[in-house]
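Protein sequence lines, in the order shown, are assigned to chains A and B.
The opening position of the first sequence corresponds to residue 21 in my numbering, with each subsequent residue numbered one higher.
The opening position of the second sequence corresponds to residue 11 in my numbering, with each subsequent residue numbered one higher.
For each residue, glycine too, the CB sits at the ideal point set by N, CA and C.
Computed from a prediction, not measured in an experiment: that's the story for all the values here.
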Amino acid sequence: MSDDYLLNKRILLVDDEQELLDMVLSILIEDGFQNVKTAKSVKEAIEEAEKFCPELAILDVMLPDGNGFELMEQLRKVSGDYPVLFLTACGEDNDKFKGFRLGADDYMIKPFLPKELLFRVMAILRRSYKDEDPLVQLQDSQIDFSCAEVIKNDEHIPLTAKEYDLLSALYRNAGRIVTIDALCEAAWGNNPFGYENSLMAHIRRIREKIELNPSQPVSLVTVKGLGYKLIVKGN
Amino acid sequence: MKSIPKLIRRFVGIMLLSIILLVILNVAFYAIAFVRNTPEFSPWDMAEKTAAALQSTDKGFLLPEDIAAKLKEQNAWAVLIDNDTKQVVWQTDNLPANIPMRYTLSDIAKLTRGYVDGYPAFTGEAPNGLLVLGYPRNSFWKHTRASWDYDFIANLPKNTLMLLAVNIALIFLIYAVANSKLLRSIEPIINGIQDLSRGGPVCLKEKGVLSELAENINKTSDILQKQTWELRKKETARANWIAGVSHDVRTPLAMVMGYAGQLEGSRNLSEDQRKKAAAIVKQSKRMKDLINDLNLASKLEYDMQPLTLKQENAISIVRQVVVDFMNMDIDDRYPIEWKTADSIPACYITVDRELLKRAISNLIQNSINHNEKGCGIYVSVEADNNNCRICIEDSGIGASDEQIDRLNNTPHYMVCDTNTTEQRHGLGLLIVKQIIDGHGGKVFIDHSEYGGFKVVLVIPK
Chain A
21 MSDDYLLNKR ILLVDDEQEL LDMVLSILIE DGFQNVKTAK SVKEAIEEAE
71 KFCPELAILD VMLPDGNGFE LMEQLRKVSG DYPVLFLTAC GEDNDKFKGF
121 RLGADDYMIK PFLPKELLFR VMAILRRSYK DEDPLVQLQD SQIDFSCAEV
171 IKNDEHIPLT AKEYDLLSAL YRNAGRIVTI DALCEAAWGN NPFGYENSLM
221 AHIRRIREKI ELNPSQPVSL VTVKGLGYKL IVKGN
Chain B
11 MKSIPKLIRR FVGIMLLSII LLVILNVAFY AIAFVRNTPE FSPWDMAEKT
61 AAALQSTDKG FLLPEDIAAK LKEQNAWAVL IDNDTKQVVW QTDNLPANIP
111 MRYTLSDIAK LTRGYVDGYP AFTGEAPNGL LVLGYPRNSF WKHTRASWDY
161 DFIANLPKNT LMLLAVNIAL IFLIYAVANS KLLRSIEPII NGIQDLSRGG
211 PVCLKEKGVL SELAENINKT SDILQKQTWE LRKKETARAN WIAGVSHDVR
261 TPLAMVMGYA GQLEGSRNLS EDQRKKAAAI VKQSKRMKDL INDLNLASKL
311 EYDMQPLTLK QENAISIVRQ VVVDFMNMDI DDRYPIEWKT ADSIPACYIT
361 VDRELLKRAI SNLIQNSINH NEKGCGIYVS VEADNNNCRI CIEDSGIGAS
411 DEQIDRLNNT PHYMVCDTNT TEQRHGLGLL IVKQIIDGHG GKVFIDHSEY
461 GGFKVVLVIP K
């Protein structure tokens with residue numbers, strides 16, 4: 021599956037330090053993002069947002085004329101609901117929780133590695149704008165999240181609600197291990213204890229749908245005792 | 011207050027014991043004095059004996075020699091009064107001159123009860139007469155009017171016991187009245203001292219018997235509060251300072267790390283240049299970890315990191331940390347193995363999730379940092395009735411017995427109050443210890459059966 025369409029997304033970058041703006045800009049541009057605008061204050065950011073209609077905002081928390089949390093609320097008022105990633109020097113857990121509580125999509129503490137920033141930006145974009153390219157390519161099949169079905173050998177196999185939840189959780193973290201606990205939470209909500217056996221049953225059924233040989237899985241692999249990993253082609 | 015009833019019991023006990031002891035001592039003393047001062051025989055017996063021994067012969071009355079000698083020895087005299095004539099019919103030689111020789115019935119009644127001319131008199135029944143024995147003046151005291159109510163004597167044992175009981179009650183009452191004031195004024199003082207030992211502020215009323223003591227306790231409390239506050243202020247300032255510095259360093263470090271990271275992946279640079287960029291990335295990552303550690307360690311040390319405690323499944327937390335490490339591109343040199351038995355699906359403990367995750371990732375990171383050449387890392391969670399044991403081991407170079415002993419038993423330099431010249435190690439383990447301490451748990455460091463380092467975190471359920 022190709023994520024190239026995500027590189028066209030409009031990104032608004034707000035930080036009060038010019039040098040940091042330059043650096044993040046260069047990281048994003050070097051990776052192929054084409055529509056990135058920057059702003060150095062709340063005022064500039066709002067002006068820019070009205071003209072530019074961003075699809076992702078990367079915000080600093082401390083700005084000369086306000087803070088990033090307030091800015092997030094104002095931005096969403098003027099130019100619609102789109103994902104926000106905070107990039108800040110405040111390492112306090114409390115700040116982080118405040119950000120998430122107010123609806124931030126992710127929160128990164130400086131300093132960070134370019135790779136990490138890019139990964140998170142891509143993850144947020146993929147999560148927010150997934151329906152533009154609904155077909156996920158696996159080794160032996162394709163997943164069409166918009167129709168909640170798997171296409172294997174030209175056959176369309178529908179996914180149940182739980183299978184859909186599990187597959188989306190795995191796809192959001194494609195190529196990475198997702199713990200048993202996180203999967204149970206994705207499928208059964210906040211108190212996921214005691215569903216391990218159900219999870220195994222669902223995973224088996226998903227494999228029957230997406231794998232050619234379900235007993236020798238190549239796309240949905242087990243990491244013993246820890247969790248599962250979805251391997252997506254071209255990722 | 012628990013100690014007052016104990017105090018009363020103890021005091022009353024001592025009082026009763028001493029009273030009983032005194033009574034016993036007195037009784038014993040009088041008994042001894044009584045026995046010592048009693049003559050070998052009673053004067054009444056002597057009179058009876060003399061009367062019985064007196065023989066009536068043709069030549070008149072005759073007293074056997076031995077009795078006569080005894081009477082003489084005791085300086086006693088005797089007369090025999092005839093039943094019919096009421097006249098003295100026999101007498102000893104030593105009869106004092108004033109003793110009458112005739113007696114009326116009332117004389118006899120009087121002398122039986124009391125004295126004859128000041129001589130204590132005792133009587134014995136002789137054939138046809140009454141023998142009167144007179145002892146020297148002031149040798150005996152006679153109770154001339156003795157008589158008691160019968161019931162009084164009959165009830166004597168009961169009454170004595172009652173008297174004793176009343177006495178005990180009285181003693182108790184006197185004690186209670188005399189001491190209630192003292193006890194009342196002691197109670198707040200004891201409470202104050204207890205508060206003092208808990209570190210709370212104390213303000214006692216400074217009046218009553220123990221006002222001076224109360225005043226001193228108040229002063230002590232003031233001093234302690236002031237010292238605590240000063241210390242707290244200093245600690246807060248220090249923690250804030252560290253937090254401020256680490257905040258300010260983050261942005262410049264972000265630039266270093268960001269550009270170096272870009273250069274590391276740049277295809278326009280030579281292999282050698284990219285290696286140099288990679289080294290900058292690696293070192294700036296170390297600095298980032300150091301800043302994070304320093305900040306957290308100082309907050310934990312000065313109690314400025316409040317714990318957000320919740321019931322959590324320890325296995326799920328540890329699993330998440332392990333998976334985070336596996337998802338991070340650490341290279342194949344550090345394979346992590348999950349050794350937790352499948353038989354325990356959950357182990358619930360009350361913890362701060364983020365802090366526990368931090369402790370575990372510090373330990374895994376430690377294994378990576380200390381084993382440049384790579385090593386296996388083994389993570390397991392065990393549970394028993396009271397504790398959850400999280401075990402992180404590696405097959406790396408490990409540590410010597412001496413080093414392990416030092417890690418287990420000596421304080422870290424950052425919280426050590428003496429100057430130390432020993433080689434300084436990182437803050438990773440210190441933070442682990444602080445976090446686990448905060449949860450009431452323990453950290454054990456040991457050799458691993460896999461050949462390297464082993465850390466066990468024991469957290470109470």
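Handout entry: With 16 other Cβ atoms within 10 Å as the buried cut-off, status of B:V45
Key = exposed
Exercise for the section: Grab the span of the beta strand (DSSP E) containing A:R196 for me, first residue to last. Expected result: From DSSP, A:R196 is part of no beta strand (DSSP E); its letter is neither H nor E.
Problem - Length of the line joining the Cα atoms of A:A168 and B:L304 - result: So the alpha carbons of these two residues sit roughly 48 Å apart.
Exercise for the section: Quick one: give me the first and last residue of the alpha helix (DSSP H) that B:N418 is part of. Expected result: 411-419
Handout entry: Span of the alpha helix (DSSP H) around B:Q293
Key = 281-311
Problem - Simplified DSSP state of A:M21, which is helix, strand or coil - result: With a pLDDT of 44 at A:M21, under the threshold of 50, the modelled position of that residue is not reliable, and no figure is offered here.
Exercise for the section: May I ask you to list the residues that DSSP assigns as paired with B:Q444? Expected result: According to DSSP, which records beta bridges pairwise, B:Q444 is partnered with nothing at all.
Practice task
Indicate the three-state DSSP secondary structure (helix, strand or coil) for A:Q159 in the structure shown.
Solution key: coil
Problem - Identified DSSP bridge partners for A:Y184 - result: Per the DSSP secondary-structure output, A:Y184 pairs with nothing in a beta bridge.
Practice task
Determine the chain B residues that contact A:T199 at a beta-carbon separation under 8 Å, and present them in chain order.
Solution key: S326, R329, Q330, V333
Exercise for the section: Given a cut-off of 8 Å, decide if B:S405 and B:G462 are closer than it, judged by their beta-carbon atoms. Expected result: yes
Exercise for the section: Could you tell me whether any Cβ in chain B is nearer than 8 Å to the Cβ of A:G245? Expected result: It does: the Cβ of A:G245 has a partner Cβ on chain B nearer than 8 Å.
Exercise for the section: Measuring only between beta-carbons, confirm whether A:R196 sits less than 8 Å from chain B. Expected result: Residue-level contact check: A:R196 touches chain B, since one or more beta carbons of chain B fall below 8 Å from its beta carbon.
Problem - DSSP three-state assignment for B:I374, whether helix, strand or coil - result: helix
Problem - C-alpha distance - B:P316 paired with B:H457, whole-angstrom precision - result: 33 Å
Handout entry: Continuous beta strand (DSSP E) assignments of at least 3 residues falling wholly in the segment 29-73 of chain B
Key = As far as the segment 29-73 of chain B is concerned, its whole beta strand (DSSP E) runs of at least 3 residues are 65-67, 70-72.
Exercise for the section: From the DSSP output, in three-state form, read off B:S134 for me. Expected result: Correcting the residue identity first, residue 134 of chain B is Gly in this sequence and not Ser. Here B:G134 sits in strand by DSSP.
Handout entry: Residue from B:S149, B:R147, B:Y129, B:L121 whose Cα sits closest to the Cα of B:L140
Key = Closest by alpha carbon: B:L121.
Exercise for the section: Give the interface partners of A:D113 over in chain B, defined as CB-CB distance under 8 Å, in chain order. Expected result: E364
Exercise for the section: Counting only the same chain and skipping the five closest in sequence on each side, list residues whose C-beta sits under 7 Å from that of A:L27. Expected result: G52, F53, Q54
Practice task
For B:P355, decide whether its Cβ has a neighbour in chain A, counting only Cβ atoms nearer than 8 Å.
Solution key: yes
Problem - Rounded Cβ spacing between B:I354 and B:A393 (contact assumed at less than 8 Å) - result: Sure, about 6 Å apart at Cβ, within 8 Å.
Handout entry: CA-to-CA distance, A:K172 to B:N323, given in whole angstroms
Key = The straight-line gap from Cα to Cα measures roughly 38 Å.
Exercise for the section: Starting from the C-beta of A:N260, find all residues in its chain whose C-beta is less than 7 Å away, skip the five residues before and the five after it, and write them out in chain order. Expected result: No statement about residue 260 of chain A is possible, as the shown extent of chain A runs from 21 to 255 and does not include it.
Exercise for the section: Kindly say whether A:F106, judged by its beta-carbon, lies nearer than 8 Å to any beta-carbon of chain B. Expected result: no
Handout entry: Contact list for the segment 29-59 of chain A against chain B, Cβ threshold 8 Å
Key = From the segment 29-59 of chain A, only E37, E39, L40, M43, V44, S46, I47, E50 have a Cβ closer than 8 Å to chain B.
Handout entry: Short CB-CB distance (under 8 Å) between A:C110 and chain B
Key = True, the Cβ-Cβ gap to chain B drops below 8 Å.
Practice task
With A:N114 as the anchor, note down where its alpha helix (DSSP H) starts and where it stops.
Solution key: 113-121
Exercise for the section: Please decide whether B:Y312 counts as near chain A, where near means a Cβ-Cβ distance under 8 Å. Expected result: Contact of B:Y312 with chain A is not assigned, every C-beta pair being separated by 8 Å or more.
Exercise for the section: Tell me the start and end of each unbroken alpha helix (DSSP H) in the segment 91-179 of chain B that is at least 4 residues and wholly inside, in chain order. Expected result: If you keep only unbroken alpha helix (DSSP H) runs of at least 4 residues inside the segment 91-179 of chain B, you get 115-123, 160-164.
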